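In the numbering used here, the protein residues as written are 1 to 230.
For each residue, glycine too, the CB sits at the ideal point set by N, CA and C.
Here the structure is a predicted model, which means the values were calculated and not measured.
Some notes on the structure that comes next.
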Ligand SMILES: Nc1ncnc2c1ncn2[C@@H]1O[C@H](COP(=O)(O)OP(=O)(O)OP(=O)(O)O)[C@@H](O)[C@H]1O
Ligand SMILES: [Mg+2]
């Protein structure tokens with residue numbers, strides 16, 4: 001479904017991504033793991049087209065999308081939830097969600113009931129301002145807003161970062177349900193236990209390179225610790 005081939009990315013003189021290739025099969029969840037600052041968010045920026053990549057390709061459903069703008073990729077089915085949420089704090093939950101509605105693939109005038117089924121808390125909080133929600137609730141709102149777009153590929157950047165444990169479990173359940181229903185997910189995830197619950201495949205990044213990858217069932221605690229430690 002999604003394939004990155006030989007991506008290279010630079011900030012000024014520093015070479016951040018070095019020949020990164022990654023495959024995300026349809027209807028599966030791939031967790032991209034790695035310590036702080038190794039280039040995970042930069043990689044997602046290239047996948048979404050928010051950053052120019054100097055070398056390499058992004059292939060989506062057989063189409064080379066490397067030169068397409070982020071908006072164009074969104075119309076092809078890319079949904080993106082950036083790190084740190086980025087919801088509109090002074091708008092209500094409902095307004096935050098409705099902003100995405102005109103861009104929904106396949107159209108629709110009403111918010112899809114699925115998002116309230118997945119995140120019941122958003123129904124209870126519909127009239128509250130986004131900024132008044134807890135960190136975990138804001139993350140759920142950001143995910144719900146991406147789902148309003150009806151994407152076929154959902155890209156999540158550390159959705160459980162700074163989120164309380166009960167909400168982490170809810171987020172895991174939602175992602176797993178969506179994947180089991182056919183959505184394709186690329187999730188950046190630093191927490192090994194979360195990745196083990198949510199992912200079908202893992203890839204570990206170290207200083208801008210993928211240094212290990214495979215099926216999640218093969219990622220033992222020991223292996224993860226040795227690959228993710230300093
Ligand atoms: N706009 C920028 N200009 C210059 N350097 C940057 C910029 N954004 C990120 N970097 C650097 O690029 C490297 C990779 O950053 P990136 O945000 O991709 O890492 P990350 O793996 O997502 O980290 P984290 O786990 O902390 O989110 C880091 O060394 C970072 O300091
Ligand atoms: Mg990051």
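Residue i - DSSP class collapsed to helix/strand/coil
{"i": "residue 57", "result": "strand"}
{"i": "residue 51", "result": "coil"}
{"i": "residue 96", "result": "helix"}
{"i": "residue 19", "result": "strand"}
{"i": "residue 216", "result": "helix"}
{"i": "residue 27", "result": "coil"}
{"i": "residue 170", "result": "helix"}
{"i": "residue 14", "result": "strand"}
{"i": "residue 64", "result": "strand"}
{"i": "residue 179", "result": "helix"}
{"i": "residue 208", "result": "coil"}
{"i": "residue 196", "result": "helix"}
{"i": "residue 37", "result": "coil"}
{"i": "residue 187", "result": "strand"}
{"i": "residue 4", "result": "strand"}
{"i": "residue 126", "result": "coil"}
Assumed close pair residue i, residue j - CB separation to whole angstroms, cut-off 8 Å
{"i": "residue 46", "j": "residue 195", "result": "Their Cβ separation, rounded to whole angstroms, is 21 Å, which puts residue 46 and residue 195 out of contact at 8 Å."}
{"i": "residue 164", "j": "residue 199", "result": "Not a contact, Cβ separation roughly 21 Å."}
{"i": "residue 53", "j": "residue 7", "result": "5 Å"}
{"i": "residue 144", "j": "residue 122", "result": "6 Å"}
{"i": "residue 73", "j": "residue 49", "result": "5 Å"}
{"i": "residue 115", "j": "residue 148", "result": "6 Å"}
{"i": "residue 4", "j": "residue 58", "result": "6 Å"}
Assigned exposure category for residue i - 16 Cβ within 10 Å defines buried
{"i": "residue 87", "result": "buried"}
{"i": "residue 80", "result": "buried"}
{"i": "residue 13", "result": "exposed"}
{"i": "residue 127", "result": "exposed"}
{"i": "residue 220", "result": "exposed"}
{"i": "residue 158", "result": "buried"}
{"i": "residue 225", "result": "exposed"}
{"i": "residue 181", "result": "exposed"}
{"i": "residue 89", "result": "exposed"}
{"i": "residue 215", "result": "exposed"}
{"i": "residue 40", "result": "buried"}
{"i": "residue 203", "result": "buried"}
Closer than 6 Å: residue i CB and nearest ligand 1 heavy atom
{"i": "residue 41", "result": "yes"}
{"i": "residue 37", "result": "yes"}
{"i": "residue 204", "result": "no"}
{"i": "residue 16", "result": "yes"}
Heavy atom of ligand 2 within 6 Å of residue i beta-carbon
{"i": "residue 138", "result": "no"}
{"i": "residue 86", "result": "no"}
{"i": "residue 164", "result": "no"}
{"i": "residue 83", "result": "yes"}
beta-carbon residue i near ligand 3 non-hydrogen atom, thresh 6 Å
{"i": "residue 11", "result": "Judged by which ligands are present, ligand 3 is missing from the structure shown, whose ligands are ligand 1 and ligand 2."}
Short CB-CB distance (under 7 Å) between residue i and chain B
{"i": "residue 208", "result": "The structure shown contains no chain B; it holds only a single protein chain."}
- Message: At 4 residues or longer, what runs of the alpha helix (DSSP H) sit wholly inside the region 128 to 166?
- Response: 135 to 148
- Query: What are the complete beta strand (DSSP E) segments, minimum 3 residues, inside the region 68 to 121?
  - Reply: 78 to 81
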